[in-house]
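Visitor:
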Amino acid sequence: VGGFLGNVVSGWMANRYGRKLTACLAAIPQIISWIMVIIATNPYYLMVMRFLAGFSGGVCFMVIPMFIGEIAEDRIRGLLSSTLVFTCNAGILIMYILGDLFPYKTIPWILLAFPVLFLACFSFIPDTPFYLMQQNNYTVKDNLTPTASGCYKSGSILI
Numbered sequence: 054v055g056g057f058l059g060n061v062v063s064g065w066m067a068n069r070y071g072r073k074l075t076a077c078l079a080a081i082p083q084i085i086s087w088i089m090v091i092i093a094t095n096p097y098y099l100m101v102m103r104f105l106a107g108f109s110g111g112v113c114f115m116v117i118p119m120f121i122g123e124i125a126e127d128r129i130r131g132l133l134s135s136t137l138v139f140t141c142n143a144g145i146l147i148m149y150i151l152g153d154l155f156p157y158k159t160i161p162w163i164l165l166a167f168p169v170l171f172l173a174c175f176s177f178i179p180d181t182p183f184y185l186m187q188q189n190n191y192t193v194k195d196n197l198t199p200t201a202s203g204c205y206k207s208g209s210i211l212i
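Heads up, the sequence shown is in the numbering used here, so the first residue is 54 and it goes up one at a time.
(1) Buried or exposed: where does Gln187 fall if 16 or more other Cβ atoms within 10 Å of its Cβ makes it buried?
(2) First and last residue of the alpha helix (DSSP H) that includes Tyr184?
(3) If I measure Cβ to Cβ from Phe171 and keep anything under 7 Å in the same chain, skipping five residues before and after, which residues do I get?
(4) Leaving aside the five residues before and after Ile91 along the sequence, list all residues of the same chain whose C-beta is less than 6 Å from its C-beta, in chain order.
(5) Alpha carbon to alpha carbon, what distance is there between Val62 and Tyr97?
(6) What number of angstroms, rounded off, separates the C-alpha of Gly152 from the C-alpha of Trp87?
(7) Using only CA atoms, which one of Ser176, Asn60, Cys141 lies nearest to Leu105?
(8) Between the C-alpha atoms of Ile150 and Cys113, what's the straight-line distance to the nearest angstrom?
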């Protein structure tokens with residue numbers, strides 16, 4: 054249910070708030086869901102956690118490919134887009150391994166680090182030039198020029 058709702062609202066959120074901010078906002082329910090696993094005292098916590106994690110995943114599976122498609126060069130766009138599915142499956146495999154190596158109460162602490170790191174790192178990445186132009190941000194739009202690598206350069210800052 055959460056994943057479906059995340060898919061439904063992610064397009065609107067990406068157009069309204071930008072791909073970057075939408076992805077960052079999707080990390081917040083993920084962080085809350087792992088905290089709920091840590092403090093869970095009854096099964097209802099885990100049900101709410103699954104809803105929040107599903108919502109976050111639904112948003113990410115819509116917004117991250119959109120973000121990649123708007124910033125990647127044509128020659129590597131397919132490769133970068135396929136990494137989302139690869140990392141999802143690698144994460145499932147890693148969870149099976151961690152589940153065997155660590156106690157149940159330790160795993161959420163480990164997994165809490167991933168959305169926190171994502172939020173910390175992704176916050177410094179600029180939004181896509183397509184979104185900035187879509188918002189009629191002419192000061193940015195007029196200064197964007199494609200470079201040989203396919204990135205967009207505004208002054209000395211790569212976008």
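Using N, Cα and C, we set each Cβ at its ideal position, and we do this for glycine too.
Guide: To lay it out plainly:
(1) Position 134 of the sequence shown, counting from 1, holds the residue named residue 187. Looking at its Cβ environment, which holds fewer than 16 other Cβ atoms inside 10 Å, Gln187 is exposed.
(2) Here residue 184 refers to the residue found at position 131 when the sequence shown is read from its first residue. Unbroken alpha helix (DSSP H) run through Tyr184: 182-187.
(3) Locating residue 171 in the sequence shown gives position 118, where the first residue counts as 1. Ala80.
(4) If you number the sequence shown from 1, residue 91 lands on position 38. For Ile91, the CB contacts under 6 Å within the same chain, skipping 5 residues up- and downstream, are Pro161 in chain order.
(5) Within the sequence shown, residue 97 is the residue found at index 44, counting from 1. Within the sequence shown, residue 62 is the residue found at index 9, counting from 1. Rounded to whole angstroms, the gap between the alpha carbons of Tyr97 and Val62 is 24 Å.
(6) Numbered from 1 along the sequence shown, position 99 holds the residue referred to as residue 152. Numbered from 1 along the sequence shown, position 34 holds the residue referred to as residue 87. Going by the C-alpha atoms only, they are around 15 Å apart.
(7) Position 52 of the sequence shown, counted from the first residue, corresponds to residue 105. For the residues Ser176, Asn60, Cys141, the minimum Cα distance to Leu105 belongs to Asn60.
(8) As a first step, residue 150 must be located in the sequence shown, where it is residue number 97. As a first step, residue 113 must be located in the sequence shown, where it is residue number 60. The C-alpha of Cys113 is placed about 24 Å away from the C-alpha of Ile150.
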